[in-house]
Amino acid sequence: MRHATKLAAIAAAAALSLAACGSSSTPSPGAGDTPAGTGGAALKVGMAYDVGGRGDQSFNDAAAAGLDKAKTELGVETKEASAVNGEAESARKERLQQLIDAGYTNIVAVGFAYAKSVGQVAKANPEVKFAIVDDASPDSAGPNVDQITFAEEQGSYLVGAAAALKTKSNHVGFIGGVQTDLIKKFEAGYVAGAKAVKPDIKIDVKYLTQPPDFSGFSSVDKGKAAAEGMYQGGADIIYAAAGGSGGGVFTAAKAAGKLAIGVDSDQAKTAAPDVRDVIMTSMIKKVDVGVYDFIKSVKDNTFKAGNRVFDLAAGGVDYSTTGGKIDDIKSKLDEYKAKIISGEIKVPTS
Amino acid sequence: MTTRLGVRRILMGAAAPLLAIVVAVVVTSLILLVAGDPVGAVWAQLFKVPLPRQIVAIINAGTVYYLSAIAVAIGFKMNLFNIGVDGQYRVASFAAALFAGQGWLPGWLNVIVALLVAMASGALWAGIAGLLRVTRGVSEVISTIMLNAIATFLVAFLLSKTAVKVVGSNATNTKPIPEGSRVPGISLDGLIATPSRVYGLIVLAVVVGFLYWFVLNKTRFGFDLRATGRSETAAVASGVNVKRMVFTSMLLSGAAAGLVGMPLLFGQDYVYGDTVQSGLGFAGIAIALLGRNNPIGIAFAALLFAFLDAQGNGLQITAGVSDRLVLVIQGVIVLSVVIAYEVVRRAGIRLEQRTVAAQLAEQARTPLEGARS
Chain A
15 MRHATKLAAI AAAAALSLAA CGSSSTPSPG AGDTPAGTGG AALKVGMAYD
65 VGGRGDQSFN DAAAAGLDKA KTELGVETKE ASAVNGEAES ARKERLQQLI
115 DAGYTNIVAV GFAYAKSVGQ VAKANPEVKF AIVDDASPDS AGPNVDQITF
165 AEEQGSYLVG AAAALKTKSN HVGFIGGVQT DLIKKFEAGY VAGAKAVKPD
215 IKIDVKYLTQ PPDFSGFSSV DKGKAAAEGM YQGGADIIYA AAGGSGGGVF
265 TAAKAAGKLA IGVDSDQAKT AAPDVRDVIM TSMIKKVDVG VYDFIKSVKD
315 NTFKAGNRVF DLAAGGVDYS TTGGKIDDIK SKLDEYKAKI ISGEIKVPTS
Chain B
379 MTTRLGVRRI LMGAAAPLLA IVVAVVVTSL ILLVAGDPVG AVWAQLFKVP
429 LPRQIVAIIN AGTVYYLSAI AVAIGFKMNL FNIGVDGQYR VASFAAALFA
479 GQGWLPGWLN VIVALLVAMA SGALWAGIAG LLRVTRGVSE VISTIMLNAI
529 ATFLVAFLLS KTAVKVVGSN ATNTKPIPEG SRVPGISLDG LIATPSRVYG
579 LIVLAVVVGF LYWFVLNKTR FGFDLRATGR SETAAVASGV NVKRMVFTSM
629 LLSGAAAGLV GMPLLFGQDY VYGDTVQSGL GFAGIAIALL GRNNPIGIAF
679 AALLFAFLDA QGNGLQITAG VSDRLVLVIQ GVIVLSVVIA YEVVRRAGIR
729 LEQRTVAAQL AEQARTPLEG ARS
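Residue numbers (this note's numbering), protein chains in the order written: chain A, 15 to 364; chain B, 379 to 751.
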């Protein structure tokens, strides 16, 4: 009896402490500071991040970039909080409500996990304006909710084509953070783009975790292990659609002397400096533009509820050229881009 | 004399958890100091009086934790370490959500049968580990950890096959439970002013807690179970079929684990999807330890964990500190509890030895005096 209890105690403590260090992110010290030189009537914006939070160099950081831009250009006051892996629905609701209680009456919720909580909290606080990234479902819809969604499959199609044009082994890879419908859109677009260039190309696909375990978006170690396996298996370019775990993919690429494709942010600019040179291109998802536009619309009194779709035509998704590694194929990629915008190419979403 | 011993026992019982919490506070404060975080602001946030809606959230989270800890405690009583509660409750929640979502049965009947489905599937998943243990001698620690991983993939796969797609949504969910089969919340309007409601299935936690106490302490089966947990050889000598006990208690633990997700399913989410709460099984292990496998003790431990969770949610907003700090505190509490119990137990033994020695000395003196007269 005592033996089992002690074993259990050690295991329980280990599980809790492992969970505690599962993410590298800490709230930034600057969060909550009032920008200098603004009056007392500054717009107050509260931001609730997805798992991984500010500092993931990818999805959440893209949202953070929009917030930072609003802070410097529009002089808004900000407060940030991020989600914890595996948290209860009530915890998400409570986070949004606490931001409102603290006086931050314009709320940006980053990630589809907030859909239901945004819907409910928005109903309970009709005077507060909300934006939710990655959801356009009836769950979150309301007269005070701006639903920001992206055509991730279109951007992913372009980087898929880039990977196929650049591969020397005719073998590329895809690493998804968590196997959700959202990340499957990235995969579908990437595969379609690569196959459009080389119908016989070999594409390895791997997801780091399965829901409800969302640690796949914030586990550098898991990303690294998966990428090492793929590079050893012969792939020479891997698309990392895995949020903060992408950092591990880049490290593995650097060690293997291969290439990787970033996601959400222009990661050749946001990733750790020593691995930036392995990032061939990034599928940019302009969450920052969506967030900034929302804040600006509130400030200018032009807020509009409903779904705003950021697709290739609207410039909401794109591929990046930082580092100059794809300059030689840019004209080909822009051909595909024009065809997608004109509707000649229909990119699948699943 | 006996009353003094009784009082002492109660004091000793309370001393260990209190000591543990004090140690946890001190250790966490040290961690905060080292990390350069604001110690005062953190404790002010963690120990401030919760708002009415937060009290409801604490009760609700506590309900779920309680069920999980009872499931773990059933195993502990039998000297089984069921780490698999986490996988068991997810398999069971999915099965129940899938069943209830079809709406084959009307209203409450749907709820009751879904609860049975949950218990059966939780028991089934735990039964695999039980069967491996009694037939092949595989440690349940190993098999349940592996079954957790398998459960994750199995449920994710089945969910993707059975999910109902909502236009514009990126979430993957089962078909929602019909309105008539949702368990209404209990309003606390008379006590505290909040529109939030306590899960109706808190009743389930109370019933499970009572049954746990009753079966273990008032039935022959419970006696056999505890006896086997303490000493297998002694149990065999008194005619207990140990293998059957192991298998049965694993099934019971799994059935209880199956109920863990039910208050969430019928009182809040109405679907099983990729954003459900996870990790409840692991929290249950810590809570069962903290509550010393006692149905009342576990209730306090579950509420303490729920309290820390709820209060910790605001840490990022009010104190600018990561709310993962709460996980650190919870971990430190669990470790401190184990150490504190050992310290208090040894102190108790020393005290008892001193008392007995004093008594013996007294007795040794009295007959001599009697002989003289």
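C-beta atoms are modelled at their ideal positions from N, C-alpha and C, and glycine is treated no differently.
Item: Inter-residue spacing [alpha-carbon to alpha-carbon] between Ile452 of chain B and Val544 of chain B; Value: 40 Å
Item: DSSP state of Tyr734 of chain B mapped onto helix, strand, coil; Value: With the sequence shown as reference, residue 734 of chain B is identified as Val, and Tyr is not the correct amino acid for it. Three-state DSSP puts Val734 of chain B in a helix.
Item: Residue-chain proximity (Met379 of chain B, chain A), Cβ-Cβ < 8 Å; Value: Note on Met379 of chain B: pLDDT 46, under 50, position unreliable in the model; the coordinate value appears next. So no, Met379 of chain B is outside the interface.
Item: Nearest to Ala270 of chain A (by Cα), restricted to the options A:Val292, A:Phe144, A:Ala352; Value: A:Val292
Item: Phe188 of chain A, enclosing beta strand (DSSP E) - first and last residue; Value: 185-192
Item: Reduced DSSP category for Ile461 of chain B - H, G, I as helix; E, B as strand; rest coil; Value: coil
Item: Other residues of its chain near Ala136 of chain A: CB distance less than 6 Å, five sequence neighbours each side excluded; Value: Phe144, Gly156, Asn158, Val159
Item: Pairwise C-alpha distance: Val585 of chain B and Arg598 of chain B; Value: 20 Å
Item: Straight-line Cα distance separating Gly260 of chain A from Lys236 of chain A; Value: 9 Å
Item: Collapsed DSSP secondary structure at Asp817 of chain B in the structure displayed; Value: Only positions 379 to 751 of chain B appear in the structure, and residue 817 of chain B is not among them; the question remains open.
Item: Backbone CA spacing between Thr530 of chain B and Val654 of chain B [nearest angstrom]; Value: 12 Å
Item: Buried versus exposed, by CB contacts within 10 Å (16 or more), Pro226 of chain A; Value: buried
Item: Within-8 Å CB hit, Gln466 of chain B to chain A; Value: no
Item: Opposing strand residues paired with Ser296 of chain A [DSSP bridges]; Value: A:Gly276
Item: Ile570 of chain B in three-state terms, based on DSSP; Value: coil
Item: Bridge partners - Ser565 of chain B, DSSP secondary structure assignment; Value: B:Arg575
Item: Beta strand (DSSP E) segment containing Gln161 of chain A, residue limits; Value: 159-164
Item: CA nearest to the CA of Ala402 of chain B, picked from B:Ala742, B:Glu730, B:Leu686; Value: B:Leu686
Item: Ile343 of chain A versus Asn548 of chain B: straight-line alpha-carbon distance, rounded; Value: 32 Å
Item: Phe601 of chain B - DSSP class collapsed to helix/strand/coil; Value: helix
Item: Cβ neighbours of Leu525 of chain B in the same chain (closer than 7 Å, five flanking residues each side left out); Value: Gly462, Gly465, Trp503, Ile506, Ala507
Item: Interface partners of Gly692 of chain B on chain A, CB under 7 Å; Value: Gln112
Item: Where Tyr118 of chain A falls: helix, strand or coil (DSSP); Value: coil
Item: Buried or exposed (CB count within 10 angstroms, at least 16 for buried), Ala728 of chain B; Value: Going by the sequence as given, residue 728 of chain B is Arg instead of Ala. Label assigned to Arg728 of chain B: exposed.
Item: Buried or exposed (CB count within 10 angstroms, at least 16 for buried), Ile252 of chain A; Value: buried
Item: Where Ile555 of chain B sits in the DSSP three-state scheme; Value: coil
Item: Asp82 of chain A (DSSP reduced to helix, strand or coil); Value: helix
Item: Where the alpha helix (DSSP H) containing Thr530 of chain B begins and where it ends; Value: 518-540
Item: Asp148 of chain A to Leu603 of chain B span [Cα, whole Å]; Value: 51 Å
Item: Every unbroken beta strand (DSSP E) within the region 224-269 of chain A, with a cutoff of 3 residues, ordered by chain; Value: 251-255
Item: Residue(s) in a DSSP beta bridge with Asp218 of chain A; Value: A:Gly187
Item: Residue range of the alpha helix (DSSP H) that includes Asn595 of chain B; Value: 580-596
Item: Helix, strand or coil at Asn691 of chain B according to DSSP, with G and I counted as helix; Value: coil
Item: Neighbour list for Asp149 of chain A in chain B, Cβ cutoff strictly below 9 Å; Value: Gly546, Ser547, Asn548, Ala549
Item: Partner residues on chain B for Asn321 of chain A, Cβ-Cβ distance less than 7 Å; Value: Gly546
Item: Cβ pair count under 8 Å reaching 3, the region 431-449 of chain B against the region 572-579 of chain B; Value: yes
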